[in-house]
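>
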Amino acid sequence: MQLQRAHVLVCHGTNCALHAPQALVDAFRRALRETRLEPEVRVVETGCFGLCEQGPTVVVYPEGTLYCRVSPADVGEIVSEHLLKGRPVGRLLYRDPAAVKTVQTFPEARYFQKQVRVVLRNCGVIDPSSIEEYIARGGYLSLGKVLTTMEPAGVVQAVTDSGLRGRGGAGFPTGLKWRFAARAAGEPKYVVCNADEGEPGTFKDRLILEGDPHAILEAMAICGYATGAHRGFIYIRGEYRLSITMLENAIKSAKELGLLGKNILGTGFDFDVEVRLGSGAYVCGEETALFESLEGGRGEPRVKPPYPTDRGLWGRPTVINNVETLASIPHIIEKGPAWFRSLGTPGTPGTKVFTLCGNIVNTGLIEVPMGITLREVIYEIGGGIPGGRRFKLAQTGGTSGGCVTEELLDLPMDYDTMAKAGTALGSGALLIIDDSHCIVDVARSFAKFFMHESCGKCAPCREGTRRLYHIIDGIAGGRGSPRDLELLELLSRTLYMTPLCPLGQTAPLPIMTTLRYFRPEYEAHFGSGVCPAGVCAEPGGSTKEARAW
Amino acid sequence: MATVTLNIDGQKVAVELGTTILEAAQLAGINIPTLCYLKDLNVVGACRVCLVEVKGARNLQASCVTPAGEGMEVTTNSPAVRNARRAVLELILSDHPYECLTCIRSTNCELQALAEAFGIRRVRYEGERLQKPLDQSSPSIVRNAEKCVLCRRCAAVCEKVQNVQAIAPQNRGFGTVIAPAFEAGLAAADCVLCGQCTLVCPTGALHEKDDIQKVWDLLSDPAKHVVVQTAPATRVSVGEGMGMPPGSIVTGRLVAALRRLGFDRVFDTDFTADLTIMEEGYELIDRIKTGGVLPMITSCSPGWIKYIEHFYPEFLAHLSTCKSPQQMFGALAKTYYAEKAGIDPADIYVVSIMPCTAKKFEAGRAEMGSSGYPDVDVVLTTRELCRMFKEAGLDFAELPEEEYDAPMGITTGAGLIFGATGGVMEAALRTAYEVITGEPLASLDLEAVRGMEGIKEATVQVGDLPVKVAVAHTLGNARKVMELIRSGQAGYHFVEIMCCPGGCIGGGGQPIPTDLEIRQQRIKAIYTGDAAMTLRKSHENPAVQALYAEFLGHPLGEKSHHLLHTHYVERRRNRDL
Chain A
365 MQLQRAHVLV CHGTNCALHA PQALVDAFRR ALRETRLEPE VRVVETGCFG LCEQGPTVVV
425 YPEGTLYCRV SPADVGEIVS EHLLKGRPVG RLLYRDPAAV KTVQTFPEAR YFQKQVRVVL
485 RNCGVIDPSS IEEYIARGGY LSLGKVLTTM EPAGVVQAVT DSGLRGRGGA GFPTGLKWRF
545 AARAAGEPKY VVCNADEGEP GTFKDRLILE GDPHAILEAM AICGYATGAH RGFIYIRGEY
605 RLSITMLENA IKSAKELGLL GKNILGTGFD FDVEVRLGSG AYVCGEETAL FESLEGGRGE
665 PRVKPPYPTD RGLWGRPTVI NNVETLASIP HIIEKGPAWF RSLGTPGTPG TKVFTLCGNI
725 VNTGLIEVPM GITLREVIYE IGGGIPGGRR FKLAQTGGTS GGCVTEELLD LPMDYDTMAK
785 AGTALGSGAL LIIDDSHCIV DVARSFAKFF MHESCGKCAP CREGTRRLYH IIDGIAGGRG
845 SPRDLELLEL LSRTLYMTPL CPLGQTAPLP IMTTLRYFRP EYEAHFGSGV CPAGVCAEPG
905 GSTKEARAW
Chain B
1220 MATVTLNIDG QKVAVELGTT ILEAAQLAGI NIPTLCYLKD LNVVGACRVC LVEVKGARNL
1280 QASCVTPAGE GMEVTTNSPA VRNARRAVLE LILSDHPYEC LTCIRSTNCE LQALAEAFGI
1340 RRVRYEGERL QKPLDQSSPS IVRNAEKCVL CRRCAAVCEK VQNVQAIAPQ NRGFGTVIAP
1400 AFEAGLAAAD CVLCGQCTLV CPTGALHEKD DIQKVWDLLS DPAKHVVVQT APATRVSVGE
1460 GMGMPPGSIV TGRLVAALRR LGFDRVFDTD FTADLTIMEE GYELIDRIKT GGVLPMITSC
1520 SPGWIKYIEH FYPEFLAHLS TCKSPQQMFG ALAKTYYAEK AGIDPADIYV VSIMPCTAKK
1580 FEAGRAEMGS SGYPDVDVVL TTRELCRMFK EAGLDFAELP EEEYDAPMGI TTGAGLIFGA
1640 TGGVMEAALR TAYEVITGEP LASLDLEAVR GMEGIKEATV QVGDLPVKVA VAHTLGNARK
1700 VMELIRSGQA GYHFVEIMCC PGGCIGGGGQ PIPTDLEIRQ QRIKAIYTGD AAMTLRKSHE
1760 NPAVQALYAE FLGHPLGEKS HHLLHTHYVE RRRNRDL
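Chains as they are written, first to last, in my numbering: chain A, 365 to 913; chain B, 1220 to 1796.
1) I think B/Ala1639 touches B/Ile1745, with their Cβ atoms under 8 Å apart; what is that distance to the nearest whole Å?
2) Which of the three DSSP states is assigned to A/Ala695 in this structure?
3) When you check each C-beta in the stretch 1240 to 1252 of chain B against every C-beta of chain A, which residues fall closer than 7 Å?
4) Is it right to say A/Arg455 is buried, meaning 16 or more other beta carbons lie within 10 angstroms of its own, or is it exposed?
5) Under 9 Å between C-beta atoms, does A/Lys821 make it to chain B?
6) Comparing alpha-carbon positions, which option in A/Gly411, A/Gln386, A/Ser809 and A/Ala370 lies nearest A/Asp491?
7) Quick one: residues in its chain with C-beta nearer than 7 Å to the C-beta of B/Thr1295, no 5 flanking neighbours on either side, listed in chain order?
8) Could you give the DSSP three-state label for B/Gln1708: helix, strand or coil?
9) Kindly indicate which three-state DSSP category B/Glu1581 falls into: helix, strand or coil?
10) Residues of chain A with CB under 7 Å from B/Cys1266, in chain order?
11) In chain B, which residues lie with their C-beta within 8 Å of the C-beta of A/Tyr860?
12) Where does B/His1780 sit, in a helix, a strand or coil, going by DSSP?
13) Helix or strand or just coil, what does DSSP make of B/Val1273?
14) I'd like to know if B/Ser1313 contacts chain A, where contact means its C-beta is closer than 9 Å to some C-beta of that chain.
15) Tell me the rounded alpha-carbon separation between A/Gln368 and A/Gly708.
16) Below 8 Å between beta carbons is the criterion; list the residues of the stretch 1382 to 1402 of chain B that meet it against any residue of chain A, in chain order.
17) Just curious, the beta strand (DSSP E) that B/Met1573 is in, first and last residue?
18) In chain A, which residues lie less than 8 Å from B/Val1263 when you measure between Cβ atoms?
19) For B/Asn1390, does the count of other Cβ atoms within 10 angstroms reach 16, so buried, or fall short, so exposed?
20) Quick one: Cα of B/Thr1554 to Cα of B/Ser1590, how far?
21) By a C-beta neighbour count over all protein chains shown, 10 Å radius and 16 as the cutoff for buried, is A/Trp542 buried or exposed?
22) DSSP puts A/Gly737 in a beta bridge; with which residues?
23) Are the C-beta of A/Thr829 and some C-beta of chain B separated by less than 9 Å?
24) Taking 9 Å as the threshold (beta carbon to beta carbon), is B/Val1419 in contact with chain A?
25) For a test of the three-state rule: what should DSSP assign to B/Gln1230, helix, strand or coil?
26) To the nearest angstrom, report how far apart A/Lys908 and A/Val804 are at their CA atoms.
27) Is the CB of B/Arg1343 under 9 Å away from at least one CB in chain A?
28) A/Pro863 versus chain B: which residues are under 9 Å apart at the beta carbon?
29) Out of curiosity, what's the CA-to-CA distance linking A/Ser506 and A/Met876?
30) Assuming the contact rule is C-beta atoms closer than 8 Å, B/Asp1749 and B/Ile1572 should be a hit. Round their C-beta distance to whole Å, please.
31) At a CB-CB cut-off below 7 Å, which residues of chain A make contact with B/Pro1286?
32) Comparing alpha-carbon positions, which option in B/Leu1236, B/Asn1261 and B/Thr1495 lies nearest B/Thr1785?
33) What is the residue span of the alpha helix (DSSP H) that A/Cys721 lies within?
34) How many whole angstroms separate the CB atoms of B/Cys1575 and B/Val1457, which I take to be in contact at a CB cut-off of 8 Å?
35) Using Cβ-Cβ distances below 7 Å, what residues of the stretch 1760 to 1783 of chain B are close to chain A?
36) Could you tell me the boundaries of the alpha helix (DSSP H) in which A/Ile608 lies?
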């Protein structure tokens, strides 16, 4: 075996992939060949490292030196200076925006200091196409432990004891879900991984799947063993090409090693996983609409009850978990529920992966303990608001979440606290909006999203999302009146109380919260048609809509 | 069965486990308004009109889909509930054309009734409404997507009762329409034009194609000799359309009313129903004797014919070659009757009063003009006829009872029972038994083939031969029978298939509403009418006997073959596109 003295980790996450990292990898390999360093330095194509804003990122081990915005033209210098002579290339090092200093190695960056990487442990570290690297990091150990030393009920108990709650947005206790499915009558049972990540501004599931696909397969097999299922499906957005490739490759190599398929690890347990592609409808992230779509039908939510654990996919008991939820499972099995509970808050143990986007310095992917405040996330990890602008509001949980203003920045972020504040932790999207944006314009873009994504099954959502948009568009265009706000409030209440599924029920949340905190800004648009932020155009003229993402 | 006890508006109600809140409330005498709900068929919670408050739930619950739970506390009439229902209705109305005054369903529209009940006096939401062209591609049914409230009852009936799936939701969100695939016209779809969708549509989004003006035009032209025929099922349903209770038998009044509209002769399709028995009966005997294709399947129902042409074309040889009674009537009106009355067939026009939308399609089939003239010129559904009566100002209930004209108005009970599922079979057996054995039947009432059971089977000993028969109504049941025939396990000699639930009395052109209970009352009226007839066997119809003696010769003869029999075509299926 060839020992290597250094590793060059090139991020291949989709966000960095926008900058064609393959050219970087090729450049490194060529340069290493030319400098005859090839046998002793290995180039690894990893999943997302998290610091998307600075991509493409390259980390050189053993030092952990973090290079940002690397282009193929920089490669020669990194090889000749750093890898040959041991001198880091200063001009490419990460500059901490808060500290205004250059960071030699990435753990020094404030971006990473408050992060606790459980789910993202392997992301940006291993080559996700290599099952050996996953195994070398302890992968499939939990599956082996479960299959050889634990009863199914014990596995359910461990997950229950961990206090893990669904990371898709609703925060339902995962252990309880598994218990319901394990006890449900009906065969066969199924495990479904919900990777239909449709919430605007959320890209965590994609990056987890790109960076650590085996963790999901391992967790699904564990879930299958715990609940009595032998077949799993990963329903994933069709646009997530790299995730799909990584998953398919991972399934193939896991089967080759007997970690999926018949008689796993010689224990007699069978479990198989298939990848199924979604076609881009937001509502298919709703679990029952997902089942409809997976079965080949029109993606529309079903009536609940019955719940999926009783009658899910093809009417059979089904556990459906979000990618991030599943990614926590192997760690809970390996380190125990007590360890998991030591992270986060008592009500919501563990960590949460957030995606930072909008008007924030460090856009990207982070993992933090539950209960961290939004202020810490924005100003310490996120590096604050760029361009000297002021923070105006944050939208948490994607479009179906609510808005958070300055006064709420110190709330600990967990499911219950956020819900109490009238917003949602949701899927983990954090959209930061600065004072250059008009609240009416922002609200209009949310309304437009729901209008576009309503499936059309139930009347209030189908008609109401259209009317919501129409009213807000009228206000933005200077055609509003106090009567419109009354109607907006009535419509928001109607949508909150009456639709069939969460899409319609959450559609008014951003409207209700922005109305609560920014009513004067709405009112300023009346009559005179003045947009305080100067975003909405003159009355009757064409208007520009917020492009927050 | 386990029961749960819940509290609805302060009343304790004990119901079976699995009962919905809506059903539980109905049991307690509390009426919750609904729009999309169609018992057993469309329970989807889409319209959100049946919302109720359930204590402890964050939002309001659709009572049609929410199971009653032990100890549940439900409020059906709180301010929150009323406001929410009103708000939802206002939203639905905001995307609906305000054409009530000119709408075909005015005063018989569920949306209008709800808006009235909830006192909606204004709609505050402005902005875009769905805009779609009218689908008038088919000769039978008009589809107006702009009036659609997307309750999906039509799609449910098309899929679950008829197993056709010609229409389904297309597009998404605000742009959703219920339409054939790719929003094609109904004429381009696998649609059999049965019109069951028009019976369940709560609004004017799906309705029969209105041919009333064509009939007024014919009637107002003195040079034209206009004869009318009335299908068996119409005499037990026209009364409903004229404000009488379901199951009213209005044969005599119907005749009187038609005369007052100005028809030159009022004839009866029952006459050619009797004739169908003769032709079809002899065809069956012939097939059995000569080893022809069995089972033979009836061909009276045009929706069923179109269905087999689309879905089971490999079985077309099983169909009786007999035209339907409507078409036989037309062919004879322009030959036999023309000759007898001494009128140039070019001046004779045949109008049919049918319980059926597919009959409009049947009348337009290329095969249906073997006399040199179209067999039937205009087909009106029961609903259209009722509108004509109203337009003419007829006080229907007060009309005298009059008799049909001779000879094509002389009929038997056997012809009448064509209107109910099992009727053709029963009529055929009444005749076949006596023709073959030469002995009178002990009992004319073949209970085994009557009633709403989906598929009925019977074996009747006819001479030496135990004749095995089956009767199916709805195309969903037809499919089951066809699959049984395909499997070779059926062993039937003769099969009756009617497209619509309950047979023609439940046809797509019948008065709205047409539900299970109303269908049963119409069936009861059919058999009451049959029992009251002097003649109850087709072969005893003196006018039919005279027809053979004077004109046709004998069943399956040369003239019959030319005028009364037809052939079928294989039709394309959308899924093969």
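Backbone N, C-alpha and C define an ideal beta-carbon position, used for all residues, glycine too.
Reading off the structure:
1) Rounded, the Cβ-Cβ distance is 5 Å, consistent with contact.
2) It should be pointed out that residue 695 of chain A corresponds to His in this sequence rather than to Ala. In the three-state scheme derived from DSSP, where H, G and I count as helix and E and B as strand, A/His695 is classed as helix.
3) Residues of the stretch 1240 to 1252 of chain B with a Cβ closer than 7 Å to any Cβ of chain A: none.
4) Exposed is the call here.
5) Yes, A/Lys821 lies at the interface with chain B (some Cβ there is under 9 Å from its Cβ).
6) Measuring from the Cα of A/Asp491, the nearest candidate turns out to be A/Gly411.
7) Ile1227, Asp1228, Ala1244, Ile1249, Ile1251 and Val1271, listed in sequence order.
8) In the structure shown, the three-state DSSP call for B/Gln1708 is coil.
9) Taken through DSSP and simplified to helix, strand or coil, B/Glu1581 comes out as helix.
10) Within chain A, the residues near B/Cys1266 are Ala823.
11) Simply Asn1278.
12) In this structure, B/His1780 counts as helix in the three-state DSSP scheme.
13) In the structure shown, B/Val1273 sits in a strand (DSSP, three-state: E or B).
14) Cβ-Cβ to chain A under 9 Å: yes for B/Ser1313.
15) For A/Gln368 and A/Gly708, the distance between alpha carbons rounds to 37 Å.
16) Residues are counted here when their Cβ sits less than 8 Å from a Cβ of chain A; for the stretch 1382 to 1402 of chain B these are Ala1387, Pro1388, Asn1390, Arg1391, Gly1392, Phe1393, Gly1394 and Thr1395, given in chain order.
17) First-last of the beta strand (DSSP E) with B/Met1573: Ile1567 to Met1573.
18) Near B/Val1263 (Cβ distances below 8 Å), the residues of chain A are Val667 and Lys821.
19) It counts as exposed.
20) Distance between the alpha carbons of B/Thr1554 and B/Ser1590 is about 7 Å.
21) Label assigned to A/Trp542: buried.
22) The question names Gly, but residue 737 of chain A in the sequence shown is Thr. Within the DSSP bridge table, the entry for A/Thr737 names A/Pro776 as partners.
23) Interface residue (Cβ-Cβ distance to chain B less than 9 Å): A/Thr829 is classified as such.
24) Closer than 9 Å: no.
25) The three-state secondary structure of B/Gln1230, taken from DSSP, is strand.
26) For A/Lys908, the pLDDT reaches just 48, beneath the cut-off of 50, and the residue's location in the model is therefore unreliable, leaving the point undetermined.
27) Yes, contact with chain A.
28) For A/Pro863, the chain B residues whose Cβ falls inside 9 Å of its Cβ are Arg1267 and Asn1278, in order along the chain.
29) The straight-line gap from Cα to Cα measures roughly 44 Å.
30) B/Asp1749 to B/Ile1572, Cβ: 19 Å. No contact.
31) The contacting residues are Pro669.
32) Ranking B/Leu1236, B/Asn1261 and B/Thr1495 by Cα distance to B/Thr1785 puts B/Thr1495 first.
33) That residue, A/Cys721, is in no alpha helix (DSSP H); its beta strand (DSSP E) goes Thr715 to Gly722.
34) Not confirmed; about 14 Å, so no contact.
35) Listed by position along the chain: nothing, the set is empty.
36) DSSP places A/Ile608 in the uninterrupted alpha helix (DSSP H) bounded by Arg605 to Glu620.
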